[in-house]
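Chains as they are written, first to last, in the numbering used here: chain A, 1 to 394; chain B, 1 to 394.
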């Protein structure tokens, strides 16, 4: 109810408020070397730290209090891209009131956007824009109304006879259906690729990667939870995708409803889900992408779903023998895409790299993509999407 | 990356986790009498309180710590509906990691949904659903890309020749374009009204109610900011609506682009903006709704924009004489709708009630709506919308 005219905040050293800040908030502030200044007013606090995603550095970073009761710290230069972060205020992890929050770690979490010089592929540009639509659909599998976010490409409404291929694109563990458009900026990546004719116009469907069957106990995902196996974890979601989501999308949008015009990709847990679901349903999907998805070739074993307990990748038996006949696989699958960032934790890099190598040596056609210098974070997945999407439906 | 099977949380007294909780969080928990239990694990904290919107009660409510380091409190019975809230942790206002956040108070803020028995008009039901679309457009006024959220009614895509009237619907101060669909559940209110044929199918456009002209200093809105006047506060946004938003919407959607099929309404600050903009542009709008909008009849005066410094409502001079000729106004304006909750602060109730009475006595046709027992909060505005929308375009 209150209005004032205030000058735009700008620090003396020419650092700039992060694009992820709430309007008017001067911090977090990004310096030219990608170091970041964080502040929090907390006169009564005894200790305040900043902690967050790998790309922020080795933290947590202790903050120091000034005479005014404002704590601050400037962290070392960060990896470019989006990082989750939080304050640890007298031992409790809390969000920064100065930043937007993003659904990650199973809850709303502060985020900070660090620009990457020269990387404009995920910026909003003066090109035709698609829309991102909230689509509610009733799931027979779960008995609940679910929300998917649906990117429709530029021109979708203007060309009411045109039909489009579909990419189903999934978030990671602890995230939700908003991840790809908020943290990932997928809609702008698609807009830019389509505007430059690098990608075919397509519909992108982003669903919530959790599902509990009617009258079953909830399946809980998130840091600190114990082990499971892929079948237990993902079979209800598989049914949602195959029996609820795809029919609803095909009924609601002008799709080309066949396997040659349907792709699925996902990041991290979403990559595991993609391999789990698509390799069961090659009659439904012809394009497959796993972005930093841990390789879990034995779908029945009781093993961590983060790739840390890794068996050698046996192309004959992995994923229930999906790759056992390479020429049959190659004639069926138009794209098998695997990617990882070069500074991700060892279990991701080695597991994904070894699987890609084993598949290639066995004669399976696979596209392997490394994102240089990026971690198990969204900058890796933005680059992945920018590489993957032009390979679809061509 | 982690998966487990966990029983659904349920407290011994049959309280239920709020619908606004993040998945799996047992608190906030709503009791049958609408009292609410909040918890926060903070072993090192010295004091923790809960505070929030008026409907939560007179707080802040001190919490007490158990042997495990978890602080908790059960607040008195709350008003039904959506309430913003936060913890005060050693003097710092922080969000509850167990709840979704909602943009309010100029930042991401925890929210708790308290059911209202028998009120199903804002629930998602098994009826045809519209979509909520994120629409980006370039504003010449501000020089920036802006995002509007656009509700398209059920059947919009299936009937590509049909054209629809448009309601522009604005949030309050400190909120943003997401407020009406997240806090307000406007899409479900519309779906339900349209399904029961109580309302005409329509497009609803929700924009971000802040604008700064190119190369001008930012206009800051939010609690604690000093005074302004309506012209200073809202003229840039007026230009965005008239010159940028409406042309973009009319170019992108199958609207009926004339005044008889265009409405504007808003809550609180959005109500002020609605009166400010529509009364300047009766060639553009035929339907006007101000929901708990402070009455600020002198657009040039330096006065608080919350209705606290109220002059008598002179129908001859208010709003630059817009009501000076009641019969001319009545023949031009199809609906002038004013509403307020009966437990809102005095300046809202009295200001709005007096204006409605003065207008009626002067012969201006006005619809005045009171929401019984609700505060300057979203339950008032949900009810308002449910009353207002059926009166549009009929």
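By construction, the Cβ of each residue, glycine as well, lies at the ideal position given by its N, Cα and C atoms.
Chain A partners of residue i, CB-CB under 8 Å?
i                      : result
residue 136 of chain B : 124 and 129
residue 132 of chain B : 133 and 134
residue 100 of chain B : 108
residue 42 of chain B  : 90, 91 and 92
residue 210 of chain B : 23
residue 154 of chain B : Within 8 Å Cβ-Cβ: nothing; residue 154 of chain B doesn't reach chain A, min ~11 Å.
residue 117 of chain B : Chain A residues near residue 117 of chain B: none, gap ~21 Å exceeds 8 Å.
Excluding sequence positions up to five away, which residues of its chain have a Cβ less than 7 Å from the Cβ of residue i?
i                      : result
residue 42 of chain A  : 48, 69, 71 and 89
residue 123 of chain B : 188
residue 19 of chain B  : 113
residue 50 of chain B  : 38, 59, 60, 61, 63, 73, 75, 85 and 87
residue 44 of chain A  : none
residue 388 of chain B : 265, 289 and 337
residue 394 of chain B : 200
residue 384 of chain B : 291, 339, 369 and 371
residue 281 of chain A : 242
Are residue i and residue j close, meaning C-beta to C-beta below 7 Å?
i                      : j                      : result
residue 271 of chain A : residue 291 of chain A : yes
residue 40 of chain A  : residue 102 of chain A : no
residue 105 of chain B : residue 386 of chain B : no
residue 78 of chain A  : residue 133 of chain A : no
residue 375 of chain B : residue 341 of chain B : yes
residue 269 of chain A : residue 173 of chain A : yes
residue 66 of chain A  : residue 130 of chain A : no
residue 381 of chain B : residue 118 of chain B : no
residue 241 of chain A : residue 277 of chain A : yes
residue 231 of chain A : residue 286 of chain A : no
residue 137 of chain A : residue 248 of chain A : yes
residue 364 of chain A : residue 329 of chain A : yes
residue 92 of chain B  : residue 143 of chain B : no
residue 81 of chain A  : residue 273 of chain A : no
residue 153 of chain B : residue 160 of chain A : no
To which residues of the same chain is residue i closer than 6 Å at the C-beta, ignoring the five residues directly before and after it?
i                      : result
residue 53 of chain A  : 83, 84 and 377
residue 316 of chain A : 324
residue 435 of chain B : The structure shown does not extend to residue 435 of chain B, since chain B spans only 1 to 394, so no value can be given for it.
residue 336 of chain A : 288 and 366
residue 326 of chain A : 362, 363 and 364
residue 275 of chain A : 290
Under 8 Å Cβ to Cβ from residue i, same chain only, skipping five residues before and after it: list those, please.
i                      : result
residue 227 of chain A : Only weak support is given to the placement of residue 227 of chain A: the predicted model assigns it a pLDDT of 43, under 50, and the value that follows is read from those uncertain coordinates. Excluding residues within five positions, the ones whose Cβ falls inside 8 Å are 302, 303, 304 and 305.
residue 390 of chain A : 193, 198 and 199
residue 2 of chain B   : Note that residue 2 of chain B has pLDDT 35, beneath the 50 cutoff, so the model's placement of it is unreliable and the number below is only indicative. Excluding sequence neighbours, residue 2 of chain B sits near nothing in its chain.
residue 22 of chain B  : 97, 98, 99 and 100
residue 355 of chain B : 295, 297, 313, 318 and 338
residue 46 of chain B  : 90
residue 36 of chain A  : 18, 28, 29, 30, 56, 74, 75, 78, 112 and 114
residue 225 of chain A : For residue 225 of chain A, the pLDDT reaches just 46, beneath the cut-off of 50, and the residue's location in the model is therefore unreliable, although a value from the coordinates is still provided. Cβ neighbours of residue 225 of chain A beyond the five flanking positions: none.
residue 125 of chain B : 188, 191, 192 and 195
Which residues in chain B have a C-beta closer than 8 Å to the C-beta of residue i? List them in chain order.
i                     : result
residue 89 of chain A : 89, 90, 92 and 94
residue 26 of chain A : The contacting residues do not exist; residue 26 of chain A stays about 12 Å from chain B at best.
Would you mind telling me which residues of chain A sit closer than 9 Å to residue i, beta carbon to beta carbon, in chain order?
i                      : result
residue 22 of chain B  : 103, 106, 107 and 108
residue 201 of chain B : Simply none; closest approach about 16 Å.
So which residues on chain A does residue i lean against when the C-beta distance must stay under 7 Å?
i                      : result
residue 145 of chain B : 124
Give the interface partners of residue i over in chain B, defined as CB-CB distance under 7 Å, in chain order.
i                      : result
residue 160 of chain A : 160
Next on the checklist: Taking contact to mean 3 or more Cβ pairs, one atom from each stretch, closer than 8 Å, check whether the stretch 338–351 of chain A and the stretch 234–253 of chain A are in contact.
Outcome noted: Too few Cβ pairs lie closer than 8 Å, so no.
Next on the checklist: Could you check whether the stretch 295–310 of chain A touches the stretch 204–217 of chain A, counting it as contact only if at least three pairs of C-beta atoms, one from each stretch, sit closer than 8 Å?
Outcome noted: Contact between the stretch 295–310 of chain A and the stretch 204–217 of chain A is absent: fewer than three C-beta pairs spanning the two stretches fall below 8 Å.
Next on the checklist: Please give me, in chain order, every unbroken run of the alpha helix (DSSP H) with length at least 4 that falls completely inside the stretch 297–375 of chain A.
Outcome noted: The qualifying runs are 318–321, 326–332 and 346–362.
Item to check | Inside the stretch 140–173 of chain B only - beta strand (DSSP E) runs reaching at least 3 residues | outcome: Complete beta strand (DSSP E) runs here, min 3: 145–152 and 166–170.
Checklist entry - Can we say the stretch 175–186 of chain A touches the stretch 363–376 of chain A, given the rule of at least three CB pairs closer than 8 Å? => result Verdict: no, contact absent.
Item to check | beta strand (DSSP E) segments (min. 3 residues) lying fully within the stretch 256–282 of chain A | outcome: Here the runs fully enclosed are 262–267.
Checklist entry - Closer than 7 Å, Cβ to any Cβ of chain C: which residues of the stretch 44–71 of chain B, in chain order? => result No chain C appears in this structure, whose protein chains are A and B.
Checklist entry - How about the stretch 163–171 of chain B and the stretch 256–272 of chain B: do they share at least three Cβ pairs that are nearer than 8 Å? => result Result yes; three or more Cβ-Cβ pairs closer than 8 Å.
Checklist entry - Taking only runs of the alpha helix (DSSP H) that begin and end inside the stretch 173–212 of chain B, which ones reach a length of at least 4 residues, in chain order? => result Here the runs fully enclosed are 179–182 and 186–195.
Item to check | Complete beta strand (DSSP E) runs within the stretch 17–96 of chain A (minimum length 3 residues, chain order) | outcome: Qualifying beta strand (DSSP E) stretches, in chain order: 36–41, 48–52, 70–75, 81–89 and 92–94.
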